[in-house]
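Novice: Going left to right, the sequence shown walks through residues 138 to 333 as this note's numbering numbers them. Backbone N, C-alpha and C fix where the C-beta goes; we use that ideal spot for every residue, glycine too.
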Amino acid sequence: MPEGALVLASSSPRRLELLRQVDIEPDLVDPADIDETPQRDETPRRLVARLAVGKAEAVAARHPQAYVLAADTIVAVGRRILGKPEDEADARRMIALLSGRAHKVLTGVAVIAPGGKTASRVVETRVAFKRITLRELDAFIAGGEWADASGAYKIHKRAGAFATSMQGSFTSVVGLPLYETLNLLNGLGWRRGEGA
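Put into structure tokens, the structure is as follows:
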């Protein structure tokens, strides 16, 4: 791995696509594999911050000469944390909970530079969903879009029709807040094309 290369510590196709939207192509995609279980009494904000840094650290240990970018996204209703649904019934429960109410989408982003300097940020976006009818819920669940998505939805797909308002970063809800991510990378000295 060349010095100054960019490693994306995530298997999320959405995060890779967001980076490509701003002409950033990671030199390597190397997903982190860490325990994502919330700790006792851990707030949603602390959880995403801890997981983003933990993922970055796990992958930086394998690529000490690279810039490592990691992120974690969760949906929170109050202090209730909605991660990725385990199955269809879990997804149905999550969407029913979000129906007709506002919730927060929190994305933690962490970057570790060659040499180990770390910078991280948590971005919070408030999203409100319309009241979702049983028919709409059935159709949404049948579509399968809920799989592998925090809170059982992807805002840039069918669930976008449920959102009545959004305050904050759209790209953070998709999975990677681009403005903040670029600021973290640039602040640690990363430059486009250096690792290529």
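Give me the residue from A208, H200, D170 with the minimum Cα distance to L184.
Specialist: Mapped onto the sequence shown, residue 184 falls at position 47. Nearest C-alpha to L184: A208.
Novice: For S257, write down the residues that DSSP places opposite it in a beta bridge.
Specialist: What you label residue 257 is simply residue 120 of the sequence shown in a count that begins at 1. Answer is A247.
Novice: Considering only the alpha carbon of each residue, which of A300, G288, F277, L153 lies closest to V214?
Specialist: The sequence position of residue 214 within the sequence shown is 77, counting from 1. Of the candidates A300, G288, F277, L153, the one whose C-alpha sits nearest the C-alpha of V214 is G288.
Novice: Return the residue from the list G245, S302, A300 that minimises the CA-CA distance to P314.
Specialist: Taking the first residue of the sequence shown as 1, we reach residue 314 at position 177. Checking every option, the nearest Cα to that of P314 belongs to G245.
Novice: List, from N- to C-terminal side, the beta strand (DSSP E) runs of 3 residues or more that fit wholly inside the stretch 196-230.
Specialist: 204-214, 217-219, all fully within the stretch 196-230.
Novice: On the three-state DSSP scale, how would you describe R238?
Specialist: Translated into the one-based positions of the sequence shown, residue 238 becomes position 101. Note: R238 maps to coil in three-state DSSP.
Novice: Suppose contacts are defined by Cβ-Cβ distances below 8 Å. Is V205 in contact with H240 by that definition?
Specialist: Translated into the one-based positions of the sequence shown, residue 205 becomes position 68. Translated into the one-based positions of the sequence shown, residue 240 becomes position 103. Not in contact: V205 and H240 (Cβ atoms no closer than 8 Å).
Novice: DSSP three-state label for Q304, please.
Specialist: As a position in the sequence shown, residue 304 is number 167, starting the count at 1. The answer is strand: DSSP assigns Q304 an E or B state.
Novice: Give a yes or no on whether the C-beta atoms belonging to P181 and I211 are separated by under 8 Å.
Specialist: Locating residue 181 in the sequence shown gives position 44, where the first residue counts as 1. Locating residue 211 in the sequence shown gives position 74, where the first residue counts as 1. Yes, the pair counts as a contact, with Cβ atoms nearer than the cut-off.
Novice: Do P163 and L156 have their beta-carbon atoms positioned less than 8 Å apart in this structure?
Specialist: Position 19 of the sequence shown, counted from the first residue, corresponds to residue 156. Position 26 of the sequence shown, counted from the first residue, corresponds to residue 163. Yes, the pair counts as a contact, with Cβ atoms nearer than the cut-off.
Novice: Relative to the C-alpha of Y290, which residue among E173, P139, A228, T301 is closest?
Specialist: For the purposes of this step, residue 290 is identified with residue 153 of the sequence shown, where counting begins at 1. For the residues E173, P139, A228, T301, the minimum Cα distance to Y290 belongs to A228.
Novice: Is it the case that the Cβ atoms of L321 and V242 are separated by a distance below 8 Å?
Specialist: On the sequence shown, residue 321 is found 184 positions in, with the first residue counted as 1. On the sequence shown, residue 242 is found 105 positions in, with the first residue counted as 1. Against a cut-off of 8 Å, the Cβ pair of V242 and L321 comes out as no contact.
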